[in-house]
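S.K.:
2 protein chains.
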Amino acid sequence: MSAKVVAVAGATGVVGRQMLETLEARDFPVARLKPLASERSKGKKVPFKGEMIDVEVLSDDSFDDVDIALFSAGGGTSKRFAPSAAKAGAVVVDNSSAWRMDPEVPLVVPEVNPEAIAKHNGIIANPNCSTIQMVVVLKPLHDAARIRRVVVSTYQAVSGAGIAAITELQEQTKALLEGREYPPKEFPHQIAFNIIPQIPQSDAFVDNGYTTEEMKMVNETKKILGDDNVAVTATTTRVPVITGHSESVNVETERKLTADEARALLAKAPGVVVEDDPAAQRYPLATTAAGKGETFVGRIREDVSHPSALDMWIVSDNLLKGAALNAVQIAEKLF
Amino acid sequence: MSAKVVAVAGATGVVGRQMLETLEARDFPVARLKPLASERSKGKKVPFKGEMIDVEVLSDDSFDDVDIALFSAGGGTSKRFAPSAAKAGAVVVDNSSAWRMDPEVPLVVPEVNPEAIAKHNGIIANPNCSTIQMVVVLKPLHDAARIRRVVVSTYQAVSGAGIAAITELQEQTKALLEGREYPPKEFPHQIAFNIIPQIPQSDAFVDNGYTTEEMKMVNETKKILGDDNVAVTATTTRVPVITGHSESVNVETERKLTADEARALLAKAPGVVVEDDPAAQRYPLATTAAGKGETFVGRIREDVSHPSALDMWIVSDNLLKGAALNAVQIAEKLF
Chain A
1 MSAKVVAVAG
11 ATGVVGRQML
21 ETLEARDFPV
31 ARLKPLASER
41 SKGKKVPFKG
51 EMIDVEVLSD
61 DSFDDVDIAL
71 FSAGGGTSKR
81 FAPSAAKAGA
91 VVVDNSSAWR
101 MDPEVPLVVP
111 EVNPEAIAKH
121 NGIIANPNCS
131 TIQMVVVLKP
141 LHDAARIRRV
151 VVSTYQAVSG
161 AGIAAITELQ
171 EQTKALLEGR
181 EYPPKEFPHQ
191 IAFNIIPQIP
201 QSDAFVDNGY
211 TTEEMKMVNE
221 TKKILGDDNV
231 AVTATTTRVP
241 VITGHSESVN
251 VETERKLTAD
261 EARALLAKAP
271 GVVVEDDPAA
281 QRYPLATTAA
291 GKGETFVGRI
301 REDVSHPSAL
311 DMWIVSDNLL
321 KGAALNAVQI
331 AEKLF
Chain B
1 MSAKVVAVAG
11 ATGVVGRQML
21 ETLEARDFPV
31 ARLKPLASER
41 SKGKKVPFKG
51 EMIDVEVLSD
61 DSFDDVDIAL
71 FSAGGGTSKR
81 FAPSAAKAGA
91 VVVDNSSAWR
101 MDPEVPLVVP
111 EVNPEAIAKH
121 NGIIANPNCS
131 TIQMVVVLKP
141 LHDAARIRRV
151 VVSTYQAVSG
161 AGIAAITELQ
171 EQTKALLEGR
181 EYPPKEFPHQ
191 IAFNIIPQIP
201 QSDAFVDNGY
211 TTEEMKMVNE
221 TKKILGDDNV
231 AVTATTTRVP
241 VITGHSESVN
251 VETERKLTAD
261 EARALLAKAP
271 GVVVEDDPAA
281 QRYPLATTAA
291 GKGETFVGRI
301 REDVSHPSAL
311 DMWIVSDNLL
321 KGAALNAVQI
331 AEKLF
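Listed below in structure tokens is the structure:
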């Protein structure tokens with residue numbers, strides 16, 4: 001593909017930085033990089049291919065010469081500026097939740113539904129981090145045996161909540177170990193040495209008692225797999241881990257899959273690494289998945305409570321496959 | 001009841017200490033306390049009612065004058081010494097897994113199946129920590145609507161693994177924050193800022209791919225509820241929390257329960273506190289449950305993936321209701 005002008009909106013955030021690193025690491029053909037951010041980041045520079053590049057303030061006029069605009073600046077910013085970018089001729093790959101459930105906007109995980117990319121009208125949505133790593137594992141199982149229902153509980157790292165959230169976990173942990181207090185600011189409760197069953201940190205709950213994060217897993221999974229018959233329930237929690245989301249996933253299928261069959265299917269699935277050797281205490285871990293692009297799956301076993309279900313443990317880097325890498329992979333597939 | 005001679009085997013361990021504190025806090029009528037431990041603890045003293053009491057070395061002759069022997073010294077010790085204690089006339093309340101599935105031994109949670117206590121032949125088993133807090137919540141739902149299946153994922157605190165495990169979490173966390181290495185000794189992998197889907201730390205896995213901890217939840221739940229038709233699958237994990245186990249529990253029932261019905265049933269259930277006000281960001285947390293005797297339940301909602309199921313979040317102090325308190329409550333009910 002010919003080199004592209006690439007804008008990154010939200011370039012100074014946790015995911016924005018990972019987008020820059022991922023473009024560089026994957027040798028994406030960048031003719032020119034346009035880091036964009038809000039007024040607050042005026043005067044900042046970001047590193048790219050050994051240079052420090054000036055951050056520009058995001059506006060409706062930012063996209064005139066842009067081929068691809070990777071957005072990771074929050075739902076409000078995406079809602080406001082993605083249409084301008086698309087109108088100016090850029091293709092937007094948006095990491096926020098703003099457009100994901102819009103029927104006109106493809107919601108894409110390249111290993112799962114790459115065919116959806118072609119249907120875009122200027123905006124493509126990147127799914128939620130916790131959904132992406134689950135569906136890359138579910139896809140081959142669904143193709144082989146039709147998934148009927150998924151019960152998932154998540155163990156989500158704080159980096160998904162941004163730089164201030166990482167700092168809060170680290171500083172609060174340090175304070176508690178030294179016997180000092182450190183009241184929560186970013187999170188609704190203490191996150192150090194605690195589990196918080198609420199994501200996101202504010203305005204989380206919807207009328208049915210689920211959080212918006214949980215309903216993302218319910219709805220996005222159906223849309224990405226292209227099958228409204230896949231029923232999902234989710235409980236999503238924030239855990240004192242910096243990077244790497246873990247998920248305990250129970251999968252009921254129409255046709256019974258043995259654990260061996262599932263392992264064989266997953267072993268050849270794109271983007272998936274089977275790490276499943278309990279005797280050697282080998283299974284996916286946040287600490288070993290962090291920094292890697294693949295999704296790791298292990299603890300695969302036939303559910304003793306159901307005639308046709310599997311339990312498994314899925315871990316991936318929430319900033320990479322869960323955000324920046326998936327967005328860059330979409331951009332790669334675009335051309 | 002008349003005052004009793006109470007032996008505590010494993011009196012110097014994390015749970016043993018909690019047993020002493022619980023006996024004192026609940027004003028259990030102790031005529032004389034006999035703290036017992038292995039050779040290693042020879043010469044140690046433990047605090048009880050303002051005095052320091054000598055620890056005696058556990059032997060077959062330790063129980064001649066003992067009325068109640070609370071055991072929390074590991075499965076091997078229980079297997080070896082509980083029969084001697086029973087033979088000497090003491091009633092053993094054993095916190096290990098040694099006797100739990102023995103058909104001659106009652107497995108008791110006083111709020112759930114107190115009637116089983118009377119059937120003892122000298123030994124009564126205290127269930128696994130993660131099972132206890134789940135069944136006190138399941139019981140009223142089962143009575144009202146017949147539970148068919150439970151899918152549970154746990155978030156278990158390190159104190160369940162003993163004093164050295166607590167130290168390892170604290171010291172390893174400190175080391176990592178200071179940029180130092182701290183290789184795991186107690187746990188199979190780094191526990192600081194990580195999630196380990198394996199409990200216990202060694203010899204965890206059974207042939208079907210589950211861990212022994214997971215199979216405890218599967219089998220003990222059926223025995224305590226007295227119903228083999230309650231199907232359970234569990235994924236149990238260790239999280240960087242000091243005290244307080246959290247559980248994400250999906251419960252399928254024969255008769256549909258609304259979330260409101262479930263909350264009403266649980267509000268009057270013994271030992272259970274409903275903490276369920278999402279709008280106020282109020283739900284059970286390890287940090288608020290630690291040090292308390294009740295089991296807390298919240299995030300109760302009707303499962304969007306199933307016509308007759310509920311999701312909920314259950315938290316309790318694993319050392320209290322999960323171990324020491326439940327054992328002392330059994331002792332109280334004995335007389």
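Listed in order, the protein sequences are those of chains A and B.
Residues in the first sequence are numbered consecutively from 1, following my numbering.
Residues in the second sequence are numbered consecutively from 1, following my numbering.
Where a beta carbon is used, it is the ideal one built from N, C-alpha and C, also for glycine.
Quantities reported herein were computed from a predicted structural model and do not represent experimental measurements.
1) State yes or no: is the beta carbon of residue 181(A) nearer than 9 Å to at least one beta carbon in chain B?
2) So with CB distances below 9 Å, who are the chain B contacts of residue 285(A)?
3) Just list the residues that DSSP pairs residue 215(B) with in beta bridges.
4) For a test of the three-state rule: what should DSSP assign to residue 101(A), helix, strand or coil?
5) Residues of chain A with CB under 8 Å from residue 302(B), in chain order?
6) Return the chain-ordered list of same chain residues with a C-beta closer than 6 Å to the C-beta of residue 32(B), the five sequence neighbours on each side being excluded.
7) Specify the secondary structure class of residue 195(B) as computed by DSSP and reduced to three states.
8) Residue 170(A) touches chain B at which residues, Cβ-Cβ below 8 Å?
9) With C-beta atoms as the reference, is residue 150(B) less than 9 Å away from residue 233(B)?
10) Take the Cβ of residue 163(B) as the centre, count every other Cβ of all protein chains shown within 10 Å, and call the residue buried at 16 or more, exposed below.
11) Expressed to the nearest angstrom, what Euclidean distance is found between the alpha-carbon atoms of residue 268(B) and residue 253(B)?
12) Got a sec? Which residues, its chain only, sit under 8 Å from residue 148(B) by beta carbon, not counting five neighbours each side?
13) Which partner residues does residue 311(A) have in the DSSP bridge list?
14) Suppose contacts are defined by Cβ-Cβ distances below 9 Å. Is residue 300(B) in contact with residue 108(B) by that definition?
15) Check whether the Cβ of residue 242(A) lies closer than 9 Å to any Cβ atom in chain B.
16) For residue 77(B) versus residue 324(B), is the C-beta spacing smaller than 9 Å?
17) Going straight from the alpha carbon of residue 61(B) to that of residue 27(B), what length do you get?
18) Please list the terminal residues of the continuous alpha helix (DSSP H) segment that includes residue 123(B).
19) What number of angstroms, rounded off, separates the C-alpha of residue 81(A) from the C-alpha of residue 2(A)?
20) Please confirm if residue 133(B) has its CB atom under 9 Å from at least one CB of chain A.
21) Let me make sure I understand the geometry here. Which of 95(B), 118(B), 52(B) has the alpha-carbon closest to that of residue 75(B)?
22) For residue 327(B) versus residue 126(B), is the C-beta distance shorter than 9 Å?
23) Are the C-beta atoms of residue 298(A) and some chain B residue less than 9 Å apart?
24) At a Cβ threshold of 9 Å, is residue 386(B) touching chain A?
25) Give me the Cβ distance between residue 336(A) and residue 240(A), rounded to the nearest whole Å; I'm assuming they're in contact under 8 Å.
26) Under the rule that 16 or more other beta-carbon atoms within 10 Å means buried, what is residue 317(B), buried or exposed?
27) Suppose contacts are defined by Cβ-Cβ distances below 9 Å. Is residue 134(B) in contact with residue 247(B) by that definition?
28) Assuming residue 348(B) contacts residue 304(B) (C-beta within less than 8 Å), just tell me the rounded distance between them.
29) What three-state label does DSSP hand residue 237(B) in the structure shown?
30) What are the start and end residues of the alpha helix (DSSP H) that includes residue 266(A)?
M.R.: Result, derived from the coordinates:
1) It does not: the Cβ of residue 181(A) has no partner Cβ on chain B nearer than 9 Å.
2) Per Cβ cutoff of 9 Å: 189, 190, 194, 195, 196, 197.
3) According to DSSP, residue 215(B) bridges with nothing at all.
4) Coil at residue 101(A), not helix or strand.
5) Chain A residues near residue 302(B): 208, 209.
6) Closer than 6 Å at Cβ, skipping near neighbours: 5.
7) Residue state, collapsed to three classes: coil.
8) Result: 177.
9) Taking 9 Å as the cut-off, the beta carbon of residue 150(B) is found closer than this to the beta carbon of residue 233(B).
10) By the neighbour-count rule (16 or more Cβ atoms within 10 Å), residue 163(B) is not buried but exposed.
11) Spanning the alpha carbons of residue 268(B) and residue 253(B) requires a straight line of approximately 19 Å.
12) Close CB contacts of residue 148(B) within its chain, under the 8 Å cut and outside five residues either way in sequence, are with 229, 230, 231, 252, 253, 254 (chain order).
13) Note: residue 311(A) sits in a beta bridge opposite 250(A), 301(A).
14) For residue 300(B) and residue 108(B), no; Cβs fall outside 9 Å.
15) Yes, contact with chain B.
16) Not in contact: residue 77(B) and residue 324(B) (Cβ atoms no closer than 9 Å).
17) Each residue's Cα considered, the two are about 27 Å apart.
18) Here residue 123(B) belongs to no alpha helix (DSSP H); instead the beta strand (DSSP E) covers 123-125.
19) Roughly 26 Å between the two C-alpha positions.
20) With a threshold of 9 Å between beta carbons, residue 133(B) makes no contact with chain A.
21) Looking at the Cα atoms, 95(B) is the closest of the given residues.
22) With a cutoff of 9 Å on beta-carbon distance, residue 327(B) and residue 126(B) are scored as near each other.
23) Interface with chain B (9 Å Cβ-Cβ cutoff): residue 298(A) is included.
24) Chain B is shown from 1 up to 335; residue 386(B) falls before or after that span and cannot be answered.
25) Look at the range of chain A in this structure, 1 to 335, and you will see that residue 336(A) is not part of it.
26) Of the other Cβ atoms in all chains shown, 16 or more fall within 10 Å of the Cβ of residue 317(B); this residue is therefore buried.
27) A contact, by the Cβ cut-off of 9 Å.
28) Lying outside 1 to 335, the shown extent of chain B, residue 348(B) is not represented and no answer is given.
29) If DSSP states are grouped into helix, strand and coil, residue 237(B) belongs with coil.
30) Residue 266(A) -> alpha helix (DSSP H) spans 259-267.
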